[in-house]
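One structure below.
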Amino acid sequence: MDRFLSSAVNRIDAKGRVSVPAHFRAVLQKRGYTELYALRALDIPAMDVGGLDLLDRYEQRIAAEDPFLQTADDMSFFIHGDGAFLKVDQEGRITVTNFIRDHTGITTEVAFVGRGHFFQMWEPERLKAYGAEVRARLLKLRQQGSHGLRDGAQ
8 MDRFLSSAVN RIDAKGRVSV PAHFRAVLQK RGYTELYALR ALDIPAMDVG GLDLLDRYEQ
68 RIAAEDPFLQ TADDMSFFIH GDGAFLKVDQ EGRITVTNFI RDHTGITTEV AFVGRGHFFQ
128 MWEPERLKAY GAEVRARLLK LRQQGSHGLR DGAQ
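To convert, note that position 95 of the sequence shown is 102 in our numbering; the numbers rise steadily by one, no gaps.
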């Protein structure tokens with residue numbers, strides 16, 4: 008498996024470290040990640056976390072913008088100014104820094120959520136609330152019969 012799937016909640020230890028879930032560590036190892044790029048999600052209290060390919064994807068998007076327009080500058084500020092590198096230690100733990108805590112509200116536990124090519128870190132109760140919102144939006148689409156969601160993918 009080379010995608011981040013599923014979710015897990017892990018407790019932060021006394022030194023401020025949290026273990027990345029084993030199934031996520033397997034993806035990290037398969038991809039050869041020794042360092043992670045973390046970005047404060049723009050519209051939700053979560054961290055988007057992945058390898059350098061995540062940063063590369065964002066930088067490619069910036070490069071497609073006109074460098075003389077505000078959009079490129081804003082995107083660079085967001086991607087580079089609101090991003091940080093996280094080291095994964097030999098036991099598969101990362102330090103939950105104030106950079107992460109301030110944006111997410113994480114205190115004692117971290118909810119990890121797979122998002123395919125990256126994963127997110129959430130405060131567990133905020134993730135539950137967000138998950139309920141997502142399901143409600145999708146249910147509404149399904150009930151409207153929108154785009155093949157009624158009876159499964161078509």
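Ideal placement from N, C-alpha and C gives every residue a C-beta, glycine not left out.
Keeping to the same chain, check which residues put their C-beta closer than 7 Å to that of residue i; ignore five residues upstream and five downstream.
i: residue 47; result: 54, 89 and 110
Between residue i and residue j, which are expected to be in contact by the criterion C-beta below 8 Å, what is the C-beta distance as a whole number of angstroms?
i: residue 16; j: residue 118; result: 5 Å
i: residue 41; j: residue 95; result: 7 Å
i: residue 28; j: residue 133; result: Actually they do not touch by this definition, with Cβ atoms about 18 Å apart.
i: residue 128; j: residue 34; result: With 8 Å as the limit, residue 128 and residue 34 do not qualify as a contact, their Cβ atoms being about 15 Å apart.
i: residue 112; j: residue 130; result: 4 Å
Report yes if the C-beta distance between residue i and residue j is below 8 Å; otherwise report no.
i: residue 38; j: residue 9; result: yes
i: residue 18; j: residue 114; result: no
i: residue 12; j: residue 138; result: no
Tell me, which residues are paired with residue i by DSSP?
i: residue 126; result: 56 and 121
i: residue 42; result: 94
i: residue 136; result: Looking at the DSSP assignment, residue 136 forms no beta bridge with any residue, so it has no partner.
i: residue 15; result: 119
i: residue 26; result: 100
i: residue 47; result: 54
Roughly how many whole angstroms lie between the Cα atoms of residue i and residue j?
i: residue 72; j: residue 44; result: 22 Å
i: residue 68; j: residue 123; result: 19 Å
i: residue 82; j: residue 62; result: 12 Å
i: residue 22; j: residue 75; result: 45 Å
i: residue 147; j: residue 135; result: 18 Å
i: residue 24; j: residue 152; result: 45 Å
i: residue 30; j: residue 106; result: 25 Å
i: residue 60; j: residue 125; result: 9 Å
i: residue 87; j: residue 49; result: 13 Å
i: residue 32; j: residue 101; result: 11 Å
i: residue 36; j: residue 99; result: 10 Å
i: residue 66; j: residue 58; result: 13 Å
i: residue 108; j: residue 85; result: 18 Å
i: residue 64; j: residue 70; result: 10 Å
i: residue 97; j: residue 14; result: 22 Å
Leaving out five residues on either side along the sequence, give the residues of the same chain with a beta carbon under 6 Å from the beta carbon of residue i.
i: residue 78; result: 72
i: residue 26; result: 17, 99 and 100
Skipping 5 residues on each side, what residues in its chain have a beta carbon closer than 8 Å to that of residue i?
i: residue 92; result: 42, 43, 44 and 45
i: residue 20; result: 100
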